[in-house]
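See structure below.
Residue numbers (the working numbering): 97 to 247.
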């Protein structure tokens with residue numbers, strides 16, 4: 097990012113509440129020998145956006161990817177976990193949903209259907225084959241999880 101662009105971005109965001117929403121978040125919790133640990137989330141989005149979220153003390157809304165994510169989240173009001181726990185710079189608000197609902201949202205709709213549609217990668221004569229299973233996953237998974245993200 098150029099210095100000029102960075103200056104414009106900082107000025108634009110200075111009086112705003114920064115909220116980032118993504119399926120995977122900037123941190124993930126796991127358990128080792130009975131103790132819960134936090135580690136940085138993987139991926140380019142985290143590397144790119146994290147400095148902004150920290151700078152503006154933002155909120156990052158993401159899916160609880162592990163049982164420990166859900167466990168930690170449920171210990172805070174509105175599932176809003178301070179990150180890092182000992183010296184908070186921002187908060188992660190974990191969306192906690194049933195695993196079956198999440199699988200419909202992510203593994204039936206988001207990845208195999210929407211990703212290809214958004215990237216214009218369907219071989220139109222052969223796909224997608226939208227059947228009753230897709231409709232069911234849309235209603236019970238994708239719509240439900242997106243409502244949870246929005247609430």
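Every residue, glycine too, gets a C-beta built ideally from N, C-alpha and C.
If you're wondering where the values come from, they're calculated on a predicted model, not measured in any experiment.
Within 8 Å, strictly: CB atoms of residue i and residue j
i, j, result
"residue 186", "residue 154", "yes"
"residue 193", "residue 241", "yes"
"residue 246", "residue 205", "no"
"residue 158", "residue 120", "yes"
"residue 156", "residue 197", "no"
"residue 210", "residue 230", "no"
"residue 149", "residue 181", "no"
Residue i, enclosing beta strand (DSSP E) - first and last residue
i, result
"residue 124", "123-128"
"residue 188", "186-191"
"residue 131", "131-136"
Cβ-based neighbour list, residue i, same chain, cut-off 8 Å, excluding 5 preceding and 5 following
i, result
"residue 162", "124, 125, 126"
"residue 98", "none"
DSSP three-state assignment for residue i, whether helix, strand or coil
i, result
"residue 208", "helix"
"residue 226", "coil"
"residue 120", "coil"
"residue 106", "helix"
"residue 245", "helix"
"residue 175", "helix"
"residue 99", "helix"
"residue 236", "helix"
Own chain residues within Cβ distance below 6 Å of residue i, not counting five before or after
i, result
"residue 111", "none"
"residue 184", "178"
"residue 134", "123, 125"
Element boundaries [alpha helix (DSSP H), containing residue i]
i, result
"residue 83", "The structure shown does not extend to residue 83, since the chain is modelled only from 97 through 247, so no value can be given for it."
"residue 141", "140-151"
"residue 163", "163-169"
Own chain residues within Cβ distance below 7 Å of residue i, not counting five before or after
i, result
"residue 160", "166, 169, 190, 191, 192"
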